[in-house]
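K.L.:
Line by line, the protein sequences are chains A and B. Going by the UniProt record's numbering, the first sequence opens with residue 1, and the numbers climb by one from there. Going by the UniProt record's numbering, the second sequence opens with residue 1, and the numbers climb by one from there. Backbone N, C-alpha and C define an ideal beta-carbon position, used for all residues, glycine too. Pasting a structure below so you can have a look.
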Amino acid sequence: MADSTLPIQGALDITPPAARKHSILEIAHSWITTVDHKKLGILYTVFGIFWLLVGGAEAIAIRIQLAMPNNHFLSPQTYNQFFTMHGTTMVFLVGMTIIFGFANYLVPLMIGARDMAFPRLNAFSFWVTAFGGTLLYYSFLGGSGLYGVGSAPDVGWFAYAPLTARAFSPGHATDYWAISLIVSGIGTVGTAINIVATTVSMRCKGMTLMRMPLFVWLFFVVSALTLITITPLTAAQIMLTIDRYLGGHFFDTQAGGSAVAWMHFFWIFGHPEVYVLILPAFAIANEIIPVFSRKAIFGYPAMAAASVGIAFVSLGVWAHHMFTVGMTSVSNAFFTLSTMLVGIPTGIKIFNWLATMWGGKIRFATPMLFLTAFLFQFLIAGLTGIMLSVSPWDWQLHNSYFVIAHFHYVLVGALVFAIFGGLYYWFPKATGKMLSEKIGKWHFWLFIIGFHLTFDTMHVPGILGMPRSIYTYEPDRGWGPWNLVVSIGGIIQGIATLVFAYNMIVSLRKGEEAGPDPWDAWTLEWTTSSPPPDYNFAIDPVVGSRRPLWDLKHPEDPDWKYEA
Amino acid sequence: MSAIPLTPHISDDQPWKLPSKGKVGMYCLIVAESAIFIIFVLAYLFYIGKTTFGPTPAVLEVPIINSIALLSSSITIMLAERALEHGKMKGFSLWWAITIALGSYFLYGTGVEWYKLIHEDGLTISTNLFGTTFYSLVGLHATHVIFGLIGLTLTLIFALTGKLKHEHNEKVQILALYWHFVDAIWIVVFTVVYIIGR
Ligand code: HEM
Ligand SMILES: [Cu+2]
Numbered sequence: 001m002a003d004s005t006l007p008i009q010g011a012l013d014i015t016p017p018a019a020r021k022h023s024i025l026e027i028a029h030s031w032i033t034t035v036d037h038k039k040l041g042i043l044y045t046v047f048g049i050f051w052l053l054v055g056g057a058e059a060i061a062i063r064i065q066l067a068m069p070n071n072h073f074l075s076p077q078t079y080n081q082f083f084t085m086h087g088t089t090m091v092f093l094v095g096m097t098i099i100f101g102f103a104n105y106l107v108p109l110m111i112g113a114r115d116m117a118f119p120r121l122n123a124f125s126f127w128v129t130a131f132g133g134t135l136l137y138y139s140f141l142g143g144s145g146l147y148g149v150g151s152a153p154d155v156g157w158f159a160y161a162p163l164t165a166r167a168f169s170p171g172h173a174t175d176y177w178a179i180s181l182i183v184s185g186i187g188t189v190g191t192a193i194n195i196v197a198t199t200v201s202m203r204c205k206g207m208t209l210m211r212m213p214l215f216v217w218l219f220f221v222v223s224a225l226t227l228i229t230i231t232p233l234t235a236a237q238i239m240l241t242i243d244r245y246l247g248g249h250f251f252d253t254q255a256g257g258s259a260v261a262w263m264h265f266f267w268i269f270g271h272p273e274v275y276v277l278i279l280p281a282f283a284i285a286n287e288i289i290p291v292f293s294r295k296a297i298f299g300y301p302a303m304a305a306a307s308v309g310i311a312f313v314s315l316g317v318w319a320h321h322m323f324t325v326g327m328t329s330v331s332n333a334f335f336t337l338s339t340m341l342v343g344i345p346t347g348i349k350i351f352n353w354l355a356t357m358w359g360g361k362i363r364f365a366t367p368m369l370f371l372t373a374f375l376f377q378f379l380i381a382g383l384t385g386i387m388l389s390v391s392p393w394d395w396q397l398h399n400s401y402f403v404i405a406h407f408h409y410v411l412v413g414a415l416v417f418a419i420f421g422g423l424y425y426w427f428p429k430a431t432g433k434m435l436s437e438k439i440g441k442w443h444f445w446l447f448i449i450g451f452h453l454t455f456d457t458m459h460v461p462g463i464l465g466m467p468r469s470i471y472t473y474e475p476d477r478g479w480g481p482w483n484l485v486v487s488i489g490g491i492i493q494g495i496a497t498l499v500f501a502y503n504m505i506v507s508l509r510k511g512e513e514a515g516p517d518p519w520d521a522w523t524l525e526w527t528t529s530s531p532p533p534d535y536n537f538a539i540d541p542v543v544g545s546r547r548p549l550w551d552l553k554h555p556e557d558p559d560w561k562y563e564a
Numbered sequence: 001m002s003a004i005p006l007t008p009h010i011s012d013d014q015p016w017k018l019p020s021k022g023k024v025g026m027y028c029l030i031v032a033e034s035a036i037f038i039i040f041v042l043a044y045l046f047y048i049g050k051t052t053f054g055p056t057p058a059v060l061e062v063p064i065i066n067s068i069a070l071l072s073s074s075i076t077i078m079l080a081e082r083a084l085e086h087g088k089m090k091g092f093s094l095w096w097a098i099t100i101a102l103g104s105y106f107l108y109g110t111g112v113e114w115y116k117l118i119h120e121d122g123l124t125i126s127t128n129l130f131g132t133t134f135y136s137l138v139g140l141h142a143t144h145v146i147f148g149l150i151g152l153t154l155t156l157i158f159a160l161t162g163k164l165k166h167e168h169n170e171k172v173q174i175l176a177l178y179w180h181f182v183d184a185i186w187i188v189v190f191t192v193v194y195i196i197g198r
């Protein structure tokens, strides 16, 4: 019964206030001073998409440089700045902000709350994060100025010591790297605290932990994990700043300090961070795959438990980034095994998604297309990850393009695909307009072609021995043709992203009206109007099952009868 | 607020109670701050004995009185909380003020310690690895004491001007939670710096 005009108590009796023309200043004022979780969620997401375009432009520049041997499109110095800024931007300004944008927008709606637990902290967190990002990019204007591409950070997004010491990194590039990330980290931790407090304390009546949408479960885990992963990075960056400004010796090998200590601190942050980024992709998958397969998610308790399991395991595997440092064979064995352990909960998830799709009536609308690709690509990324976790393999492949291919398979193939799917799915809720399916299909096919051209191919020069972070290479290595393909794929992905940006702008103006429940979905956010009113729900919802909206639409066959 | 059940089998009069968001938020902050401290503590432990020149931890004097002052402030703040619970505003202000005095005394003691280290032993943050790790860890803790004291002092001002009432009980408890955390961390820092490290 796909009837999206079903009268839903407490939702459809909302008549939107009569439209009045607001002046630009009024609109700007309302966005800048807002403490509403929905507006902040949109701000986060728009901010993230903006940086996606910036980081993407840097990637394209890098790929133009590497498309041909002995190319001189970028100077070595600029090349280093671009790959550093690309990595830093994508992880901290794109990944983190878009996922927290989703969380901000959706968590209160999904649990039937009127706002986050601390609305003012929420606004503070967003603006601090935005300030941190701006500060990072301000470095382009600092130092040697705009023309010489300033003094943007050039030490890699991992900022390994002793490269970051004053002697090797004069000027302020590295300070920008550390301080801007400390600042945006404060915002991130603030948001994480807010999300945990919201899920724990703001759930509507009847929403027990075992009835929470898996999306909310996942963000609860992600936020808890954020609290203990971002902070070690902050600690390490404070130490780095002490070294650089106050003459400290934490990472100064001449005075007894240790460069390997930096690596440990960085990866104690860095590895769990990749799960902070990928668990939200799972969260999106958990909502979209069931709705478009017309089946309840398979194995709800196992899915929730596996998420917690993944978070725990991810805390104990960081040193698989350091197999080549020369740790003892006992540590190598430990970190190999612990890394492989994560395959168990991840496997559970993949099987449960497949079981959800199995025998379902699958609708391949754009959100589902992206999520199907996500499933397949995440599987492959996991397999190359397992290869890398075998330390002798890693000794061979470490710091080669194989590693770059692996982690982009995860970050783009899984995270970015899920984000795109999620944007197609929830854009109607946030704006009241559908994104165009036609342009969406163009976006999807262009992006998937570009993605596979780039990242499937990239494994090959990696195996042939091409190291990462080199600004050019000689023609006699045989890497040239592969790199050309990689670069062409990269440019296609760039075009696809522009198609998406175009889709958003056009659909916002002329898109089809969405109505409250365009996908015939089951969770609470679809019970209220699109976009929801300031106070979310006209009447506080009370739920009695995992799929309250299903119950409402199918009173003859309600969900709660099946719940253990 | 009226409530209409989306699922009819739920009746409206079932009890529904969730933990206080303020407390949950404070516990989260404490978890996050603990992670920062853990990294600094690990760094301190890792670098013990790796200093290649200059003063060593032997120059440290164990700050016994200081520590007693800080730890007993955890007791006085509890007494203050209890007074507020019973609506005894005078008692609250008194115990709260004593807590601030004890915290300030601790800071003063740290100042005296640092003054001696800098001027007699020639140890600064840039002297050597020991100086770097020592001032960072102890300084990180002192920073938390300062933030705590600011919060406590503001609360005292509210109490003395009559703005603080019995119903702010929970907010006061949340602040006290933070203060207990600062104290607990001192036990860790003390053990690492003055017992293991010396
Ligand atoms: C399925 C489980 C996974 C396994 C077994 C795994 C394993 C590994 C291993 C062993 C490395 C080290 C390679 C080296 O530096 O030589 C690595 C690198 C990396 N992985 Fe994964 N990984 C997995 C999932 C993920 C996820 C979910 C993400 C991100 C969302 C991710 C992102 C990265 C990144 C960014 C690097 C490169 C770090 C760098 O050197 O800059 N991985 N992975
Ligand atoms: Cu890792």
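Whole angstroms are fine: how far does the CA of residue 39/B sit from the CA of residue 265/A?
P.N.:
Taking the straight line from one Cα to the other gives about 7 Å.
K.L.:
Does residue 325/A get closer than 8 Å to chain E when you measure Cβ to Cβ?
P.N.:
Absent from the structure is chain E; the protein chains it does hold are A and B.
K.L.:
With three or more beta-carbon pairs closer than 8 Å as the criterion, would you say the region 487-494 of chain A touches the region 59-75 of chain A?
P.N.:
Touching, yes.
K.L.:
Span of the beta strand (DSSP E) holding residue 542/A?
P.N.:
Segment 540-542, the beta strand (DSSP E) holding residue 542/A.
K.L.:
Tell me the DSSP secondary structure of residue 564/A in three-state form.
P.N.:
Below a pLDDT of 50, predicted positions are generally treated as unreliable, and residue 564/A, at 47, falls in that range; the measurement from the model is reported next regardless. Coil.
K.L.:
Report the residues of the region 124-140 of chain B with a CB closer than 7 Å to any CB of chain A, ordered along the chain.
P.N.:
So the list reads 125, 126, 128, 129, 132, 136, given in the order they occur along the chain.
K.L.:
Sorry if obvious, but does the Cβ on residue 264/A come closer than 7 Å to a heavy atom of ligand 2?
P.N.:
Every heavy atom of ligand 2 is 7 Å or more from the Cβ of residue 264/A, so no.
K.L.:
With 8 Å as the threshold, decide whether the Cβ of residue 1/A is near any Cβ in chain B.
P.N.:
Model confidence at residue 1/A stands at a pLDDT of 32, short of 50, so the residue's coordinates are unreliable and nothing is read from them.
K.L.:
Could you name the residues of chain A that residue 241/B contacts, counting a contact when the two beta carbons are closer than 7 Å?
P.N.:
Residue 241/B lies beyond the residue range present for chain B, which begins at 1 and ends at 198; the question has no answer from this structure.
K.L.:
Please decide whether residue 201/A counts as near chain B, where near means a Cβ-Cβ distance under 8 Å.
P.N.:
Yes - at least one Cβ of chain B is within 8 Å of the one on residue 201/A.
K.L.:
In angstroms with no decimal places, state the Cα-to-Cα distance between residue 497/A and residue 345/A.
P.N.:
If I take the Cα positions, the gap works out to 32 Å.
K.L.:
Where does residue 203/A land, buried or exposed, given buried means 16+ other C-beta within 10 angstroms?
P.N.:
Buried, since its Cβ has 16 or more Cβ neighbours within 10 Å.
K.L.:
Using the C-alpha atoms, what's the distance from residue 288/A back to residue 521/A?
P.N.:
Their backbone Cα atoms lie some 9 Å apart in a straight line.
K.L.:
Which same chain residues, not among the five before or five after residue 38/A, have their C-beta less than 6 Å away from its C-beta?
P.N.:
Once the five neighbours on either side are set aside, the close Cβ partners of residue 38/A are 105.
K.L.:
Looking at ligand 2, does it come within less than 7 Å of residue 320/A, judged from the CB to the closest heavy atom?
P.N.:
Within the cutoff, so yes.
K.L.:
Assuming contact is defined by CB atoms lying nearer than 8 Å, are residue 107/B and residue 145/B in contact in what I supplied?
P.N.:
Yes. Within cutoff.
K.L.:
Less than 7 Å separating the Cβ of residue 260/A from some heavy atom of ligand 2?
P.N.:
Not under cutoff, so the answer is no.
K.L.:
Under 7 Å: does the beta carbon of residue 406/A sit that close to some heavy atom of ligand 2?
P.N.:
Not so, every heavy atom of ligand 2 lies at least 7 Å from the Cβ.
K.L.:
Have a look at residue 57/B and residue 132/B and give me their C-alpha separation to the nearest angstrom.
P.N.:
Going from the Cα of residue 57/B to the Cα of residue 132/B covers about 12 Å.
K.L.:
Is residue 467/A helix, strand or coil by DSSP?
P.N.:
Residue state, collapsed to three classes: strand.
K.L.:
I'd like to check one pair, residue 195/A with residue 219/A: are the Cβ atoms closer than 8 Å?
P.N.:
A contact, by the Cβ cut-off of 8 Å.
K.L.:
Hey, is the region 198-215 of chain A in contact with the region 239-256 of chain A, meaning 3+ C-beta pairs nearer than 8 Å?
P.N.:
At 8 Å Cβ cutoff, the stretches do not touch.
K.L.:
Would you list the residues sitting across from residue 513/A in a DSSP beta bridge?
P.N.:
Bridge partners of residue 513/A: 433/A.
K.L.:
Along chain B, which residues have their Cβ under 8 Å away from the Cβ of residue 227/A?
P.N.:
Correct list: 28, 31, 32, 35.
K.L.:
Beta carbon of residue 313/A: closer than 7 Å to some heavy atom of ligand 2?
P.N.:
Every heavy atom of ligand 2 is 7 Å or more from the Cβ of residue 313/A, so no.
K.L.:
First and last residue of the alpha helix (DSSP H) that includes residue 243/A?
P.N.:
That run of the alpha helix (DSSP H) goes 214-246.
K.L.:
Check the C-beta distance from residue 413/A over to residue 447/A and give it rounded, since I have them as a contact under 8 Å.
P.N.:
Incorrect: roughly 10 Å between the Cβ atoms, too far for contact.
K.L.:
Given a threshold of 16 other Cβ atoms within 10 Å of its Cβ, counted over all protein chains shown, does residue 234/B qualify as buried or as exposed?
P.N.:
Outside the shown range of chain B, which is 1 to 198, sits residue 234/B, and nothing can be said about it.
K.L.:
Should residue 271/A be listed as close to ligand 2, given that the test is whether its C-beta is under 7 Å from any heavy atom?
P.N.:
Residue 271/A: yes, Cβ under 7 Å from ligand 2.
K.L.:
Taking residue 274/A as the reference, give the member of 260/A, 311/A, 369/A with the closest Cα.
P.N.:
With distances taken between Cα atoms, residue 274/A lies closest to 311/A.
K.L.:
Provide the residue(s) that pair with residue 400/A in DSSP beta bridges, ordered along the chain.
P.N.:
Paired residue(s): 467/A.
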